[in-house]
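Here's the structure, in structure tokens; my notes come after.
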Amino acid sequence: MEFQFDGLADFLAMNGHGPYVWAAYGITLLAMAGLIVQPLLARRQLRREFRREQRIHARRAGRRQPGRRAAEGALAE
Amino acid sequence: MAWQWFHRLGSPRWFYEKSSGWLPWLAGASLLLLAVGMAWGLGFAPQDAKQGNSYRIIYIHVPAAFLALAGYYLMAISGAIGLIWKMKLSFVVMRAAAPIGAALTFVALFTGAVWGKPTWGTYWVWDARITSMLILFLLYVGMIALSRAFSREQLADKACALLALVGTVNIPIIYKSVDWWFTLHQPATIKLTESSSIDPSMFYPLLTMIAGFYCFYAWALILQTRTLVLQREWRTQWASQLLGEGR
Amino acid sequence: MSTPEATRQAPRVDVARNLAARERGGPGFVALLRTELLLALRRRADIANPLLFFVTVLALLPLGVGPEPALLARLAPGMIWVMALLATLLSQESLFRSDFEDGSLEQLTLAPQPLYFAVLAKVAVHWLVTGLPLAMLSPLLGLMLNLPPGGYICLLLSLLLGTASLSLIGAVGAALTVALRRPGLLLALIVMPLYVPVLIFGTGAVQAALDGYAYSVQLAILAALLAGAAALAPLAAAGAIRISTDS
Chain A
5 MEFQFDGLAD FLAMNGHGPY VWAAYGITLL AMAGLIVQPL LARRQLRREF RREQRIHARR
65 AGRRQPGRRA AEGALAE
Chain B
5 MAWQWFHRLG SPRWFYEKSS GWLPWLAGAS LLLLAVGMAW GLGFAPQDAK QGNSYRIIYI
65 HVPAAFLALA GYYLMAISGA IGLIWKMKLS FVVMRAAAPI GAALTFVALF TGAVWGKPTW
125 GTYWVWDARI TSMLILFLLY VGMIALSRAF SREQLADKAC ALLALVGTVN IPIIYKSVDW
185 WFTLHQPATI KLTESSSIDP SMFYPLLTMI AGFYCFYAWA LILQTRTLVL QREWRTQWAS
245 QLLGEGR
Chain C
176 MSTPEATRQA PRVDVARNLA ARERGGPGFV ALLRTELLLA LRRRADIANP LLFFVTVLAL
236 LPLGVGPEPA LLARLAPGMI WVMALLATLL SQESLFRSDF EDGSLEQLTL APQPLYFAVL
296 AKVAVHWLVT GLPLAMLSPL LGLMLNLPPG GYICLLLSLL LGTASLSLIG AVGAALTVAL
356 RRPGLLLALI VMPLYVPVLI FGTGAVQAAL DGYAYSVQLA ILAALLAGAA ALAPLAAAGA
416 IRISTDS
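Those protein sequences? They're chains A, B and C, same order as listed.
First residue of the first sequence? That's 5 in our numbering, and the numbers climb one at a time after it.
First residue of the second sequence? That's 5 in our numbering, and the numbers climb one at a time after it.
First residue of the third sequence? That's 176 in our numbering, and the numbers climb one at a time after it.
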């Protein structure tokens, strides 16, 4: 098994088929990267939302009576 | 209690906690296999006598097409499991599989089109396999559209599972009929279905890529499922605890 | 439409009557079929609209591609089939709608007779008021589009068999989307890929007839598709109705 091309330029050109081959590989890699990155981004977004909601809850809870807070908690469950 | 593992598998929490340990392994395996397979296929596999270097697209086209179809069955089976055993997690897996399958179908279509240009001189031919792939893509798109249309997730889960099952029954019929349609209209000049045996020096990198795509699919599916689980369960105690800890 | 109260009341009364008939051991399916047919015949506009759509779109075709007879003859079988498909699809959105809104669909799910037969009765009536007239109208449109004389009988027969399958398959989509407020385009998106085999063999039959070959094989396959759809589609639609009404 040996490298089939003479140097990098030849490898990129692929005897004139370069654009096709590289476009296909490029789009594929892009799609695959998207499939990995998208759920990670969505989770980050969720975490941010969660923190914000928690801050709001904490602020509200500070202002309210403890008895009422327990009732709110039961509702949220 | 031989069935205990089965029911535990249905618990989103159990899955979320277990799968975090699988992720690094899957990520490593898929990146390694894909890197090796791509380098092998692009640089070291010999040139094709007829098609020249454009055939190297096969190393991504075939695995993508393979998994796009297998993904539909996986989606339908997990939907069926959800309907029959009322398993929460399997609905989530089904929903996670839809965008991944659609993306892979798109990749298969795109690479097929780009491969077609240098080989047959045109980006698109209404070949049996390409047309079937297009219809598979439409099935995926319909599935995603249906899942987004409902405001209640439970309803969307069940509706999608049923649609996936109907699609599964239809896919073999669609494939057969498209095949028949193509033989009827086949232009004499284009012959795409060559069943010539493939040389081992070209076949091994293909096997590596197929293995790599399988690992990648599992990786992407688990990541997507974990995110969906979190989105659904974030008001429960265990999930909010996880989120609070930043995990 | 002029007496909405009357139409809305009718199914409930008839369901009750059917239940009574069932307890007496009477023919539930036939009674249901008669009720549905009566209801459908009362809404004349709903019957006319798909037919008018069919004729209008096909009248636009020569305006789009030009009036050249040879070209129109070449396009006629495919266009008539595609338009019949669309007309069936568009009329199917309302298949379960009014029954869903007034609650009689939910009553049907509780009735002692299997939901399968209720769905089958509804679909049969849908075919009687859309598929059948569409097929009957097709020779006229073939004439206007300059369809060669060899194709008429085959066009009529293939549409008779094919539209019945289309109605059955579309019923699954209609049942899945009945709980949504505006299902129109979504219904088309999820159902159309499933229509592919019927379209292929329907147009294939007409093309074979035009080329002077025997077309009994294609008609037999269409009949087989119909048999399969009649056995499975009402089951799937019944499942979808249970999902949609379960709130």
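Note that the Cβ used here is the ideal one computed from N, Cα and C, for glycine as well.
As the structure is a computational prediction, the values presented were derived from the model and not from experiment.
- Contact between the stretch 54 to 62 of chain B and the stretch 74 to 85 of chain B is absent: fewer than three C-beta pairs spanning the two stretches fall below 8 Å.
- Contact annotation: Ala412 (chain C) and Ala346 (chain C) have beta-carbon atoms nearer than 9 Å.
- Against Asn174 (chain B), the close residues of chain C are Ile344, Pro368, Leu369, Val371, Pro372, in the order they occur along the chain (beta-carbon pairs closer than 9 Å).
- Here the alpha carbon of Ala37 (chain A) sits roughly 15 Å from the alpha carbon of Ala106 (chain B).
- Residues of the stretch 149 to 163 of chain B with a C-beta atom less than 8 Å from some C-beta of chain C are Ala149, Leu150, Ala153, Phe154, Leu159, Lys162, Ala163, listed in chain order.
- Around the beta-carbon of Trp44 (chain B), 16 or more other beta-carbon atoms lie within 10 Å, marking it buried.
- Residue-level contact check: Pro122 (chain B) touches chain A, since one or more beta carbons of chain A fall below 9 Å from its beta carbon.
- When C-alpha distances from Ala415 (chain C) are compared across C:Met367, C:Ala406, C:Ala354, the shortest belongs to C:Ala354.
- Chain-order list of chain B residues neighbouring Leu16 (chain A): empty, with the shortest C-beta distance near 10 Å, by a criterion of under 9 Å.
- Around the CB of Pro67 (chain B), 16 or more other CB atoms lie within 10 Å, so the residue is classed as buried.
- Per the coordinates, the alpha-carbon of Thr212 (chain B) lies some 24 Å from the alpha-carbon of Val41 (chain A).
- Proximity of Gln382 (chain C) to chain B, defined by a Cβ-Cβ separation below 9 Å, is satisfied.
- The DSSP-derived three-state label of Asp183 (chain B) is helix.
- For a cut-off of 8 Å, the C-beta gap from Glu211 (chain C) to Ala350 (chain C) is around 15 Å, too long to register as a contact.
- Residue state for Gly241 (chain C) is assigned as coil, using DSSP reduced to three classes.
- Rounded to the nearest angstrom, the gap between the Cα atoms of Leu159 (chain B) and Asp203 (chain B) is 50 Å.
- With a threshold of 16 other beta carbon atoms within 10 Å, Pro252 (chain C) meets it and is buried.
- Under the three-state reduction of DSSP, Asp277 (chain C) is assigned to coil, being neither helix nor strand.
- It is roughly 12 Å from the alpha-carbon of Val392 (chain C) to the alpha-carbon of Cys329 (chain C).
- Close partners of Trp119 (chain B) in chain A (Cβ separation under 9 Å): Tyr24, Val25, Ala28.
- Take the alpha-carbon of Asn321 (chain C) and the one of Ala408 (chain C): they are about 36 Å apart.
- Around the beta carbon of Ala69 (chain B), 16 or more other beta carbons sit within 10 angstroms, so the residue counts as buried.
- When Cβ-Cβ separations below 9 Å define contact, Ile255 (chain C) makes no contact with chain B.
- A direct Cα-to-Cα measurement between Gly171 (chain B) and Leu12 (chain A) gives close to 46 Å.
- Where Tyr327 (chain C) is concerned, the enclosing alpha helix (DSSP H) starts and stops at 327 to 351.
- Just so you know, the alpha carbons of Leu233 (chain C) and Ala220 (chain C) end up roughly 20 Å apart.
- In the three-state reduction of the DSSP assignment, Asp221 (chain C) falls in the helix class, which pools H, G and I.
- Flagged as an interface residue toward chain B: Thr352 (chain C), by a C-beta distance shorter than 9 Å.
- The Cβ of Arg59 (chain A) sits no closer than 9 Å to any Cβ of chain B.
- In the structure shown, the three-state DSSP call for Asp421 (chain C) is coil.
- With contacts defined as CB atoms closer than 9 Å, Ala163 (chain B) and Val111 (chain B) fail to qualify as a contacting pair.
- Residue contact check for Trp184 (chain B) against chain C: a CB pair falls below 9 Å.
- The beta carbons of Trp223 (chain B) and Ser34 (chain B) sit closer together than 9 Å.
- Within the stretch 233 to 247 of chain B, contact with chain A at the beta-carbon level (separation under 8 Å) is assigned to Leu234, Gln235, Trp238, Arg239, Ser244, Leu247.
- Closer than 9 Å to the CB of Ser181 (chain B) there is at least one CB belonging to chain C.
- A contact is defined here as three or more CB-CB pairs under 8 Å, and the stretch 126 to 138 of chain B meets this definition with respect to the stretch 177 to 184 of chain B.
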